[in-house]
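Engineer: Can you keep this structure in mind? I'll have questions shortly.
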Amino acid sequence: MSSSTASRATVLRKSVFRRSRVVVAGASAALMLVAACSGASGGNSERGADTTVQDETVNGTLPTDGPAEDGGIMRVNVAGDAPTLDPMKSASYTVPATVTGTVYSKLVEFTTDRKTPYGSMAVHPDLAESYEQSKDGLTWTFKLRKGVKFQNIAPVNGREFTSADVKCTIDRIKSLPGVQKNLMDIVKSLDTTDPYTAVFNLTVPYAAFDETMASFYMPMLPCEGTSGGFDLAQTAIGTGPFILSEWKRKVEVNYVKNPTYFVAGKPHLDGFKIVIMSDPASAIAAMRTGELDYTGSVSETLLPTVLTSNPEMIVRNQIAIGPDQIMFNLNKKPFDDYRVRKAISMAFDRKAFGQTFYGDYFQITGPIPSTLFGGLPADEAEKLIPFDPAAAKKLLAEAGFPNGLTAEMLTTDGYGPQFVTQAQWVQQDLKEIGVNVTLKILDYATYFSTFGAKDYDIGWGLSTAFLTADEWLEALYVTGGPRNWFNTSDPKLDALINEQRSILDDTKRNEKLQEINKYILEHVLTPFMGIQYSALTVQQPWLHNLFTHPAYSRSFMVDVWLDKTAPTRK
4 MSSSTASRAT
14 VLRKSVFRRS
24 RVVVAGASAA
34 LMLVAACSGA
44 SGGNSERGAD
54 TTVQDETVNG
64 TLPTDGPAED
74 GGIMRVNVAG
84 DAPTLDPMKS
94 ASYTVPATVT
104 GTVYSKLVEF
114 TTDRKTPYGS
124 MAVHPDLAES
134 YEQSKDGLTW
144 TFKLRKGVKF
154 QNIAPVNGRE
164 FTSADVKCTI
174 DRIKSLPGVQ
184 KNLMDIVKSL
194 DTTDPYTAVF
204 NLTVPYAAFD
214 ETMASFYMPM
224 LPCEGTSGGF
234 DLAQTAIGTG
244 PFILSEWKRK
254 VEVNYVKNPT
264 YFVAGKPHLD
274 GFKIVIMSDP
284 ASAIAAMRTG
294 ELDYTGSVSE
304 TLLPTVLTSN
314 PEMIVRNQIA
324 IGPDQIMFNL
334 NKKPFDDYRV
344 RKAISMAFDR
354 KAFGQTFYGD
364 YFQITGPIPS
374 TLFGGLPADE
384 AEKLIPFDPA
394 AAKKLLAEAG
404 FPNGLTAEML
414 TTDGYGPQFV
424 TQAQWVQQDL
434 KEIGVNVTLK
444 ILDYATYFST
454 FGAKDYDIGW
464 GLSTAFLTAD
474 EWLEALYVTG
484 GPRNWFNTSD
494 PKLDALINEQ
504 RSILDDTKRN
514 EKLQEINKYI
524 LEHVLTPFMG
534 IQYSALTVQQ
544 PWLHNLFTHP
554 AYSRSFMVDV
564 WLDKTAPTRK
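What follows is the structure, encoded as structure tokens:
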């Protein structure tokens with residue numbers, strides 16, 4: 004670390020709330036093996052990965068899970084509103100966070116409860132009653148629950164959910180194409196042999212197709228919506244536990260309990276409300292006055308004031324799957340030169356960055372997050388692209404920039420003020436090797452559309468938290484991938500990614516995924532993933548059975564309940 008960088012880190016560390024000692028002793032070194040087996044028959048599968056402790060309670064004690072009580076309105080805040088309610092039209096995380104798992108259900112769902120580790124890829128049936136994979140890995144058969152009803156809203160009018168709706172959903176994804184088309188490219192055909200059976204025929208064997216169907220991008224829609232019978236952008240009608248009753252753009256979203264939900268006795272809440280509130284200080288103020296029941300991604304600098312004034316609040320520390328990233332546009336010079344990309348990557352002091360902003364609770368990552376099956380172990384990711392400013396300067400000189408270069412770096416204030424501070428950290432790191440970047444700070448909606456239009460040179464952002472190795476690779480790295488906003492086109496990489504899908508043995512597939520990780524770092528290097536960071540969440544003591552998941556959906560809301568001390572129960 005250079006003297007100026009060390010000085011900057013010292014100053015920042017004094018202003019950052021250090022919580023590593025509160026979490027667990029030696030949290031940075033604590034690695035746990037989440038070992039599991041994936042069988043051919045469906046119902047509950049999970050693949051293993053080396054992971055850091057991913058969810059710790061750092062203040063207070065989690066309330067009891069039950070017996071559950073019914074009633075009340077849960078209130079949460081989010082930083083930004085969804086641009087649409089159509090889950091196929093926008094890749095923004097705000098869309099599934101608004102409709103998936105709440106209004107819309109999926110065939111299968113990720114398991115969330117006290118016994119299941121945060122971020123687990125364990126899958127269980129949802130709209131499906133059961134599912135199984137054929138021995139050759141080419142066919143997945145989902146048996147649907149009978150008697151599941153859509154919400155009683157015109158023009159669907161509470162009719163039964165059937166395999167026809169599964170086909171309508173998949174057909175629309177392929178024909179639009181939907182933002183999740185890469186997930187369904189592997190599907191050669193879909194047979195609906197009867198109203199309660201959906202058979203997916205794949206182009207290649209794929210052992211993790213159940214995890215694909217659990218993606219937050221895979222809610223099941225009614226045929227009336229996919230055929231244009233109502234506007235999916237403005238109206239959501241699903242089979243989920245909540246009905247979207249009111250959408251006040253950029254203000255709030257209101258939901259009420261679905262009285263015909265297919266799981267008896269659920270949900271427990273009468274409804275819930277999402278308040279659009281981007282300022283963390285305002286969210287903390289609303290928590291103090293009891294106007295919110297839960298808020299996420301709390302600023303470390305605000306946390307001490309919360310614990311001083313409201314020591315009863317429960318604070319949890321959860322490691323995110325979506326890392327921060329430096330994005331390079333390969334259609335813009337000089338970022339089409341791998342040497343320039345590698346030089347900039349080697350100038351980023353990821354370890355000091357993580358220690359400064361997140362104490363010891365972070366993890367350096369590779370192209371596939373280190374906490375997922377197929378992810379490159381953190382030490383290897385650091386070794387392959389080390390922090391080395393001297394070597395970075397040498398690479399720049401070899402690329403024809405002995406005196407450095409200038410560029411504009413795209414970023415956003417939509418993730419809060421700390422994210423802008425982090426962008427300034429990266430800006431300073433790059434300055435140390437002669438790369439002078441001017442920050443172009445945009446609101447989230449403008450940033451997202453600018454990034455999606457590939458109208459940038461270099462950028463600093465957060466990656467979408469895709470949940471499987473295949474989803475990461477297909478979205479970000481395959482030529483023409485739906486989130487390949489970097490203009491990457493590498494035929495060898497495309498072939499490697501396609502090859503890994505058809506490997507049914509987990510050990511052999513993991514070996515291939517490690518090869519792909521290394522190839523990306525050694526030949527592609529966009530985006531350059533920094534760290535998987537920790538996020539602080541705060542919840543009221545009257546909020547029970549809240550066990551979230553990194554997925555951008557709210558299926559866990561079906562189990563949440565409020566006790567009688569909650570303001571909306573009084």
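Residues are numbered in the numbering used here as their position in the sequence shown, beginning at 1, plus a constant of 3.
Where is the CB? At the ideal position from N, CA and C, for every residue including glycine.
(1) Taking the alpha carbon of Val-98 as the point to measure from, which residue in Ala-346, Gly-325 and Met-221 has its own alpha carbon closest?
(2) Does DSSP classify Asn-513 as helix, strand or coil?
(3) Check whether the Cβ of Phe-164 sits closer than 7 angstroms to any heavy atom of the ligand SAH, and report yes or no.
(4) When burial is assigned at 16 or more other CB atoms within 10 Å of the CB, is Lys-260 buried or exposed?
(5) Considering only C-alpha positions, which residue in the set Asn-501, Ile-324 and Leu-247 is nearest to Tyr-555?
(6) Candidates Val-256, Thr-540 and Asp-68: which alpha carbon is nearest Ile-322's?
(7) With H, G and I counted as helix, E and B as strand and the rest as coil, what does DSSP make of Met-560?
(8) Note down the Cα distance separating Thr-119 from Gly-437, rounded to an integer number of angstroms.
(9) When you compare each of Asp-73, Leu-499 and Leu-507 to Asn-520 by their alpha carbons, which one comes out closest?
(10) Taking the C-alpha atoms as reference points, what is the distance between Glu-614 and Glu-163?
(11) Quick check on the DSSP output: the alpha helix (DSSP H) that includes Phe-454 runs from which residue to which?
(12) If Leu-130 sits next to Ser-108, beta carbons under 8 angstroms apart, how far is it from one beta carbon to the other, in whole angstroms?
(13) Hey, how far is the Cα of Leu-445 from the Cα of Ala-350?
(14) Give me the DSSP bridge partner(s) of His-271.
(15) How many Å lie between Gly-464 and Ser-558 at the Cα?
(16) What would DSSP say about Gly-45, mapped onto helix, strand or coil?
(17) My output table needs one value for Leu-499: the three-state DSSP class, helix, strand or coil.
(18) Buried or exposed: which applies to Asp-508, given that a residue is buried once 16 or more other Cβ atoms fall within 10 Å of its Cβ?
(19) Given that a residue counts as buried once 16 or more other Cβ atoms are within 10 Å of its Cβ, and exposed if not, what is Thr-482?
(20) Within its chain, find whatever has a CB closer than 6 angstroms to the CB of Asp-640; leave out the 5 residues flanking it on each side and keep chain order.
(21) Classify Gln-237: buried if its beta carbon has 16 or more other beta carbons within 10 angstroms, exposed otherwise.
(22) Would the beta-carbon of Gly-533 fall within 8 angstroms of that of Trp-488?
(23) Taking C-alpha atoms, which residue in Arg-175, Ala-538 and Asp-116 lies nearest to Pro-90?
(24) Taking the alpha carbon of Asn-334 as the point to measure from, which residue in Phe-212, Ser-492 and Ile-156 has its own alpha carbon closest?
(25) Would you give the residue range spanned by the beta strand (DSSP E) that Thr-200 belongs to?
(26) Put Glu-135 into one of helix, strand or coil per three-state DSSP.
(27) For a test of the three-state rule: what should DSSP assign to Glu-477, helix, strand or coil?
(28) Using the rule of at least 16 other Cβ atoms within 10 Å of the residue's Cβ for burial, across every protein chain shown, is Asp-197 buried or exposed?
(29) What does the Cβ neighbour count give for Arg-252, buried or exposed, with the cut at 16 atoms within 10 Å?
(30) Nearest-angstrom Cα distance between Lys-146 and Ser-285?
(31) Mapping the DSSP letters down to three states, classify Asp-234 as helix, strand or coil.
(32) Among Ile-388, Lys-177 and Val-106, which residue has its Cα nearest to the Cα of Phe-531?
(33) Tell me, please, which residues DSSP counts as bridged to Gln-154.
(34) Quick one: give me the first and last residue of the alpha helix (DSSP H) that Leu-398 is part of.
(35) Nearest by alpha-carbon distance to Arg-486: which of Asn-439, Leu-186, Val-102 and Thr-551 is it?
(36) Quick check: the Cα distance between Asn-501 and Glu-214, rounded to an integer number of angstroms?
Structural biologist: Looking at the atomic coordinates:
(1) Met-221
(2) helix
(3) For the structure depicted, the ligand SAH is absent and the ligand set is empty, with no information on it obtainable.
(4) buried
(5) Ile-324
(6) Thr-540
(7) helix
(8) 47 angstroms
(9) Leu-499
(10) Residue 614 is absent from the structure shown; the chain starts at 4 and stops at 573.
(11) 447–455
(12) 5 angstroms
(13) 24 angstroms
(14) Looking at the DSSP assignment, His-271 forms no beta bridge with any residue, so it has no partner.
(15) 26 angstroms
(16) With a pLDDT of only 40 at Gly-45, under the threshold of 50, the placement of this residue in the model should not be trusted, and no figure is reported.
(17) helix
(18) exposed
(19) exposed
(20) Residue 640 lies beyond the range of the chain shown here (4 to 573); nothing can be said about it.
(21) exposed
(22) no
(23) Arg-175
(24) Ser-492
(25) 200–205
(26) strand
(27) helix
(28) exposed
(29) exposed
(30) 46 angstroms
(31) coil
(32) Ile-388
(33) Partner(s): none; Gln-154 has no beta bridge.
(34) 392–401
(35) Leu-186
(36) 17 angstroms
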